[in-house]
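K.L.:
Shown below is the structure under consideration.
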Amino acid sequence: MKIQTKIASIIFTLILVTSIVAITSSYIVSKQMIEFEIYHHLESIAISRGYHIETLLDEQAELVKIFATDTVFIDALTTENITPAIQKIKALIDFSDDISRVRVLDKQGNVVISSHSEIDPIDNAKIFAHGKGGVYISDIHISAMTGTKVISISAPILVKGEFAGIIIVNIEVEKELYEIILYRYRKTGEIYLINKAGYMITPSRFIDDTFLKQKVDSLEARKCFELSEEETESAKIDNSYEDYRGELVIGTHHTIKGMDWCLLSEIDAEEAFAPVNRLVQLMFLFFMLLLGVGSLLAFITAKNLTRPILKLHRRASEIEKGN
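In my numbering, the protein residues as written are 1253 to 1575.
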């Protein structure tokens, strides 16, 4: 019986080890393949949406540059006739879904004409300081005049090649810009923008009221702004990290050209690896079935192999006894 037990144990162990190696190898390979596929899908989303945002900002900046060359705004700075400029501003706001505020400042930074009677000197001074040298696009912020989320785009107004003032146009971001961001990939995939300080400037799929309130300090967010090139390269090895909710996700990023913005594209790892987990469950069930059948076959095989040996052993014993 000892020989039969040893043979059965060897066959059983062989089946057990082979099954464990097969399941483990399949899990690792499948997980790597799915992670690679999903990461590159997220990367393509981030790049395409990022380019779309950059194109939109370029188009809006070009539009403001055209406004800066309009004679009605030049006349408003060089003559006392501001009525045509006021009418022009009213027409721009009435016929545009995106433009919510327009003002023209002279070369000292004083407001000459504005779509709103209220003046925000701090905001004007900040934009004026940046906008004198060329086109400037501000961070997304809440307008003190309209209470909506906007970006302020300014362009210098030149008279005979000399700086005469700037025009500042507020563009609503919840129209076109947010529509680019509102992409839903599966059940947990999302893309969103953060500013240089790491705060969300576009809506979250999972949390309400995150604008300039939700801090994002994930590994991928730090890749955008903080990590050196060497650290970024080493960080690329691991595409999984905890997001702003504390959930493990797979993700990547795209830095918006010309802006201190980072676009993050992510999906929960649990959802991403769900097919692998289902595969492992099926393989485990198959393994249990194989183990049961294998144990039975091992017992039968061992019995068949040891039967002649036992029979020979009995005959030898009988011969020794003189039979």
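Yeah, the Cβ is synthetic: ideal placement off N, Cα and C, and Gly gets one too.
From A1526 to L1308, what does the alpha carbon distance come to, in whole angstroms?
P.N.:
36 Å
K.L.:
Mind checking who Y1388 pairs with in its DSSP beta bridge?
P.N.:
S1406
K.L.:
Around the Cβ of Y1303, are there at least 16 other Cβ atoms within 10 angstroms (buried) or fewer (exposed)?
P.N.:
exposed
K.L.:
Can you check whether the C-beta of S1517 is within less than 7 Å of a C-beta belonging to chain C?
P.N.:
Here chain C cannot be found, since the structure has a single protein chain.
K.L.:
Using the three-state DSSP reduction, which class does V1425 fall into: helix, strand or coil?
P.N.:
DSSP places V1425 in coil when its eight states are reduced to three.
K.L.:
Below 8 Å CB to CB, which residues in the same chain sit around I1418 once its five sequence neighbours on both sides are set aside?
P.N.:
A1320, V1356, L1357, I1379, F1380, G1383, K1384, S1406, A1407, P1408 and I1409
K.L.:
Rounded to a whole number of angstroms, what is the C-alpha to C-alpha distance between A1337 and H1393?
P.N.:
26 Å
K.L.:
Among all the DSSP beta bridges, which residues are the ones paired with N1447?
P.N.:
W1513
K.L.:
Please return the same chain residues whose Cβ sits closer than 7 Å to the Cβ of V1425, not counting the five positions on each side in sequence.
P.N.:
In its chain, beyond the 5 residues on either side, I1392, K1401, V1402 and I1403 have a beta carbon closer than 7 Å to the beta carbon of V1425.
K.L.:
D1520 by DSSP, collapsed to three states: which one?
P.N.:
strand
K.L.:
How big is the Cα-Cα spacing for M1511 and L1268?
P.N.:
Cα-Cα distance, rounded: 57 Å.
K.L.:
Which residue or residues does DSSP assign as beta-bridge partners of M1452?
P.N.:
DSSP lists I1446 as the beta-bridge partner residues of M1452.
K.L.:
Can you tell me the Cα-Cα spacing of S1300 and E1306, whole angstroms?
P.N.:
Rounded to the nearest angstrom, the two C-alpha atoms are 10 Å apart.
K.L.:
Starting from T1330, trace the alpha helix (DSSP H) both ways and give me its first and last residue.
P.N.:
Where T1330 is concerned, the enclosing alpha helix (DSSP H) stretches over T1323 to T1330.
K.L.:
Only counting the same chain, and skipping five residues up and downstream in sequence, which positions put a Cβ closer than 7 Å to that of I1286?
P.N.:
Cβ contact annotation for I1286 (same chain, cutoff 7 Å, sequence separation greater than five): A1524, F1525, P1527 and V1528, in chain order.
K.L.:
Rounded C-beta distance between I1519 and Y1437? I'm assuming under 8 Å.
P.N.:
6 Å
K.L.:
Could you pull the start and end residues of the alpha helix (DSSP H) that H1382 belongs to?
P.N.:
P1373 to G1383
K.L.:
Do the segment 1451-1465 and the segment 1354-1373 touch if we need at least three Cβ pairs shorter than 8 Å?
P.N.:
no
K.L.:
Please say whether G1503 and E1472 have beta carbons closer to each other than 7 Å?
P.N.:
yes
K.L.:
Looking only at its own chain, which residues have a Cβ that is under 8 Å from the Cβ of K1465, when we skip the five neighbours before and after it?
P.N.:
Y1451 and M1452
K.L.:
For the alpha helix (DSSP H) that T1335 lies in, which residues bound it at each end?
P.N.:
That run of the alpha helix (DSSP H) goes T1335 to F1347.
K.L.:
So the alpha helix (DSSP H) L1471 belongs to, where does it begin and stop?
P.N.:
L1471 to F1477
K.L.:
Sort out for me which residues DSSP pairs I1209 with in a bridge.
P.N.:
No answer is possible for residue 1209: it lies beyond the span of the chain, which begins at 1253 and ends at 1575.
K.L.:
Taking the straight line between their C-alpha atoms, what separation do you get for I1389 and K1342?
P.N.:
Each residue's alpha carbon lies about 22 Å from the other.
K.L.:
Consult DSSP for I1351 and reduce its assignment to one of helix, strand or coil.
P.N.:
It is a strand residue.
K.L.:
Tell me, please, which residues DSSP counts as bridged to K1401.
P.N.:
I1394
K.L.:
The beta strand (DSSP E) that contains V1364, what's its start and end?
P.N.:
Bounds of the beta strand (DSSP E) holding V1364 are V1363 to S1366.
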